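**Student:** Structure in structure tokens, see below.
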Amino acid sequence: MIEKPTLLSNSFRFITIAMLITWLVLPLIPLAIWSFAKGWFFPHILPKYWSLKAWEYALSDTAGVLDSLWLTIFISAVATFLSILIGVPAGRALGMYKFKGKEIVELLILAPTIVPGIAVVLGIHSVFISIGLTNTVTGVILVHLIPTLPYMVLVMSGIFANFDAEFEDQARSLGASPIKTFWYITLPAILPGIIVGGLFAFLVSWSQYILTLLIGGGRVLTLPLLLFNFATSGRNDITGAIGMIYILPGIIILLLTAKHLSGRSAVGGFGQI
Amino acid sequence: MSDRTKILLLLAPALSIIIILFFGGLFAGLLRSFNYMPIIGLTEPNFEAYISVFKSKEFYLSFILTFHIAFTSTVISAILAIGSALLLRRNFLGKSVINFLFQINLTVPHLVGAIGILYLFSQSGSFARLAAEWGMIARPAEFPELVFDPYAIGIILQYVWKEIPFIGVIVLANMQSLGEDYESVARSLGANRWQAFRYVLLPLIFPGVLSASVIVFAFTFGAYEIPAILGANYPAALPVLAYRKYTDVDLAARPEAMAMAIVIAILSAVMIFYYLRYTRKKIRG
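Residue numbers (the numbering used here), protein chains in the order written: chain D, 77 to 349; chain V, 18 to 302.
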């Protein structure tokens with residue numbers, strides 16, 4: 077039996093939970109305030125003057141923030157699409173079959189989720205230079221596959237481990253073609269996994285900094301690169317506005333998928349964000 | 018089609034990408050770290066880059082700093098994550114809202130967190146302003162150095178902020194699947210709350226905590242943008258130093274950068290070893 081919580085232990089819990097949540101939300105607050113501030117100097121706790129200038133700048137056609145936003149969406153979407161295309165079959169192999177060397181294959185696929193990007197990207201850069209892939213969007217999408225693809229494979233192998241191949245066999249024995257079987261039987265069963273895995277693969281690509289910086293050579297200016305540039309040049313108001321735009325997809329995705337999050341496989345990818 | 022060919026075909030695209038890009042990248046870095054790159058006329062490998070790296074004081078300072086950042090952040094995050102999971106595991110009013118807020122920064126990139134920590138803890142940041150309001154300091158310079166500082170406090174604060182929910186969600190899922198029956202048995206046998214936690218719950222959740230901590234340690238050891246925003250100039254964290262060497266105008270510094278990348282890779286290989294050890298143990302028992 078767990079004893080009934082007392083008033084004292086209840087208020088202790090309430091206070092510690094409040095402190096915890098405050099701490100977790102706190103760093104986002106000055107960013108949000110800065111985006112509406114006009115010259116917010118020490119020692120003012122809140123800005124003296126408020127302004128929409130940073131937002132006007134960020135959302136104007138000429139500043140390049142929107143171009144950067146579309147480019148980032150494009151890169152992350154393509155990297156996600158490719159990860160799904162390549163990751164689903166591999167997930168099927170790992171989730172549904174036992175075979176010799178499976179542990180080694182799993183190790184090969186797991187390695188990029190733990191080895192930091194900086195350890196591999198310098199070597200890739202020296203090769204990409206000689207084949208003309210540096211400073212290109214294609215090159216950036218390719219290196220983004222390093223963190224996104226293993227994640228997709230791991231999610232999908234979890235999904236396929238719970239998938240019953242009997243349904244496919246029955247459809248086939250009733251005369252359905254392999255394509256029809258995939259479309260009407262397999263795909264509906266694995267689609268929730270593809271969607272959740274895909275959304276998080278998108279976020280993994282969305283949050284890449286050093287891979288894009290090195291392979292894109294500063295020419296492929298995604299949102300995090302722009303954010304870093306404004307943050308280090310002291311334009312706090314514009315940094316705030318870009319920061320708010322930058323975190324929006326993640327928060328939307330969290331709202332959409334909150335109930336799927338308890339699964340360990342979905343969570344593992346967050347180590348990469 | 019036999020199962021063997023089927024498996025091979027299913028795995029081929031993913032394995033090719035990972036082997037060519039990831040292991041190819043590692044291998045290219047390794048060759049370059051030995052000053053071997055036939056394409057630009059370097060055909061005689063040597064250890065010069067490693068010798069120069071291991072002789073430089075900056076490398077050791079940087080390595081120690083990076084190790085300190087990774088170790089301290091991981092330990093503090095893991096302890097606070099266990100505490101958070103204990104707080105959040107039971108049902109209470111507004112649990113779904115609290116859970117959402119607890120998970121919110123999982124999707125917020127580290128870079129944004131780093132900028133937020135900068136605006137909170139710098140000498141003209143929000144906390145310095147509060148201190149001024151309360152008359153504790155008169156000028157920004159009187160506020161303690163919490164970012165760009167030699168102890169990497171700002172960097173550690175950022176990681177702790179970001180990794181509490183990461184480890185916490187994993188531990189929480191772990192605790193919820195275990196239920197509270199084991200602890201109840203321990204309590205009914207006379208264990209006090211601390212004993213039930215220390216000798217029953219903790220050993221059960223520990224493998225999960227360890228495997229999450231390994232991911233956090235490897236990440237915090239190899240991340241670039243967080244120490245680049247919040248770190249001191251000298252010594253810089255190892256990834257920052259490697260990036261600086263790589264982009265140095267002096268191309269001779271590139272093999273040194275590669276050697277540092279290899280050091281980071283070796284350390285993460287050790288981490289993978291422990292990760293597998295603990296996740297396998299968890300599966301077995």
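The beta carbon of each residue, even a glycine, is placed where N, CA and C say it ideally should be.
Here the structure is a predicted model, which is why all the values come from computation and not from measurement.
Cβ atoms of D:GLY199 and V:PHE44: under 8 Å apart, would you say?
**Tutor:** Yes. Within cutoff.
**Student:** Helix, strand or coil: how does DSSP classify D:LYS176 here?
**Tutor:** Three-state result, D:LYS176: coil.
**Student:** Show which residues of chain D have a CB atom less than 7 Å away from the CB atom of V:MET153.
**Tutor:** Ordered by position in chain D, no residue passes the 7 Å Cβ test against V:MET153, which lies about 11 Å from the chain.
**Student:** Take V:THR83 and list the residues in its own chain whose beta-carbon comes closer than 7 Å to its own, dropping the five residues that flank it on each side.
**Tutor:** Same-chain partners within the cutoff: PHE238, ALA254 and LEU255.
**Student:** How long is the line joining the alpha carbons of V:ILE24 and D:GLY177, rounded to whole angstroms?
**Tutor:** Looking at the two C-alpha atoms, the distance is approximately 11 Å.
**Student:** By the 10 Å Cβ neighbour count, where 16 or more other Cβ atoms means buried, how is D:PRO106 classified, buried or exposed?
**Tutor:** It counts as buried.
**Student:** Can you tell me the Cβ-Cβ gap for V:GLY42 and D:VAL197, rounded? I've got them flagged as a contact below 8 Å.
**Tutor:** That pair is a contact at about 7 Å.
**Student:** When we look at the beta-carbon of D:LYS256 and count the other beta-carbons within 10 Å, is it buried (16 or more) or exposed?
**Tutor:** With fewer than 16 Cβ atoms within 10 Å of its Cβ, D:LYS256 is classed as exposed.
**Student:** What are the residues in the segment 109–128 of chain V lying within 9 Å of chain D by C-beta distance?
**Tutor:** Listed by position, the residues of the segment 109–128 of chain V near chain D (Cβ gap below 9 Å) are PHE109, SER113, ILE115, ASN116, PHE117, LEU118, PHE119, GLN120, ILE121, ASN122, LEU123, THR124, VAL125, PRO126, HIS127 and LEU128.
**Student:** With H, G and I counted as helix, E and B as strand and the rest as coil, what does DSSP make of D:TRP131?
**Tutor:** DSSP places D:TRP131 in helix when its eight states are reduced to three.
**Student:** If you measure from the beta carbon of D:MET77 to each beta carbon in chain V, is any gap under 8 Å?
**Tutor:** Below a pLDDT of 50, predicted positions are generally treated as unreliable, and D:MET77, at 44, falls in that range; the measurement from the model is reported next regardless. Yes, its Cβ sits closer than 8 Å to a Cβ of chain V.
**Student:** Are the C-beta of D:PHE175 and some C-beta of chain V separated by less than 8 Å?
**Tutor:** Cβ-Cβ to chain V under 8 Å: yes for D:PHE175.
**Student:** Contact between the segment 292–303 of chain D and the segment 236–246 of chain D: three or more CB pairs below 8 Å?
**Tutor:** Output reads no: the segment 236–246 of chain D does not touch the segment 292–303 of chain D.
**Student:** Say whether chain A places a C-beta atom closer than 8 Å to the C-beta of D:ILE205.
**Tutor:** No chain A is present in this structure, whose protein chains are D and V.
**Student:** Per DSSP, which residues does D:TRP126 bridge with? Please list them.
**Tutor:** Beta-bridge pairing links D:TRP126 to D:ALA113.
**Student:** Given this structure, state the Cα-to-Cα distance separating V:THR296 from V:SER285, to the nearest angstrom.
**Tutor:** Approximately 16 Å, taken between the alpha carbons.
**Student:** Tell me the start and end of each unbroken alpha helix (DSSP H) in the segment 181–218 of chain D that is at least 4 residues and wholly inside, in chain order.
**Tutor:** Listed in chain order, the complete alpha helix (DSSP H) runs (minimum 4 residues) inside the segment 181–218 of chain D are 193–206.
**Student:** Check whether the Cβ of V:ASP267 lies closer than 8 Å to any Cβ atom in chain D.
**Tutor:** Not one chain D Cβ lies under 8 Å of V:ASP267.
**Student:** In whole angstroms, give me the CA-to-CA distance for D:GLY215 and V:LEU32.
**Tutor:** Whole-angstrom Cα-Cα distance: 18 Å.
**Student:** Secondary structure at V:SER285, three-state DSSP: helix, strand or coil?
**Tutor:** Correct three-state label for V:SER285: helix.
**Student:** Please return the same chain residues whose Cβ sits closer than 7 Å to the Cβ of D:HIS201, not counting the five positions on each side in sequence.
**Tutor:** Taken in chain order, the residues that qualify are THR210, LEU290 and ILE291.
**Student:** Given a threshold of 16 other Cβ atoms within 10 Å of its Cβ, counted over all protein chains shown, does V:TRP151 qualify as buried or as exposed?
**Tutor:** With fewer than 16 other Cβ atoms within 10 Å, it is exposed.
**Student:** Identify whether V:MET54 lies in helix, strand or coil by the three-state DSSP scheme.
**Tutor:** Correct three-state label for V:MET54: strand.
**Student:** For D:ASN312, count neighbouring Cβ atoms within 10 angstroms of its own Cβ and tell me buried if that reaches 16, exposed if not.
**Tutor:** Under this definition D:ASN312 is a buried residue.
**Student:** Going along the chain, which residues of the segment 313–326 of chain D sit with their C-beta nearer than 7 Å to a C-beta in chain V?
**Tutor:** The segment 313–326 of chain D vs chain V, Cβ under 7 Å: THR315, GLY319, TYR322, ILE323 and GLY326.
**Student:** For the alpha helix (DSSP H) containing D:PHE90, list its first residue and its last residue.
**Tutor:** Counting along the chain, the alpha helix (DSSP H) containing D:PHE90 begins and ends at 83–101.
**Student:** Counting only beta-carbon atoms, is V:TRP178 nearer than 8 Å to chain D?
**Tutor:** Yes, V:TRP178 lies at the interface with chain D (some Cβ there is under 8 Å from its Cβ).
**Student:** Between the segment 82–103 of chain V and chain D, which residues of the former have a C-beta closer than 9 Å to a C-beta of the latter?
**Tutor:** Residues LEU97, GLY100 and SER101.
**Student:** Is the separation between the beta-carbon of D:THR156 and that of D:SER281 shorter than 8 Å?
**Tutor:** Cβ distance < 8 Å, so D:THR156 and D:SER281 count as in contact.
**Student:** Going along the chain, which unbroken runs of the alpha helix (DSSP H) with 4 or more residues stay wholly within the segment 139–169 of chain D?
**Tutor:** Fully enclosed alpha helix (DSSP H) runs of 4 or longer: not present.
**Student:** Thinking just about the alpha-carbon of each residue, which of D:ALA153, D:THR308, D:LEU218 and D:LEU230 is nearest to the one in D:PHE278?
**Tutor:** Per the Cα distances, D:ALA153.
**Student:** Considering D:TYR322, what are the terminal residues of the alpha helix (DSSP H) in which it resides?
**Tutor:** Counting along the chain, the alpha helix (DSSP H) containing D:TYR322 begins and ends at 312–333.
**Student:** Using 8 Å as the threshold, is the segment 229–236 of chain D in touch with the segment 265–273 of chain D, meaning 3 or more CB pairs across them?
**Tutor:** The segment 229–236 of chain D vs the segment 265–273 of chain D: in contact.
**Student:** What does a CB cutoff of less than 7 Å around D:THR333 pick up in its chain, not counting 5 residues either side in sequence?
**Tutor:** Contacts found: VAL272 and LEU275.
**Student:** Strictly under 8 Å for the Cβ-Cβ distance: is D:GLY269 near chain V by that measure?
**Tutor:** It does not; no Cβ of chain V falls within 8 Å.
**Student:** When you compare the CB positions of D:PHE239 and D:MET172, do they come within less than 8 Å of one another, or not?
**Tutor:** Yes.
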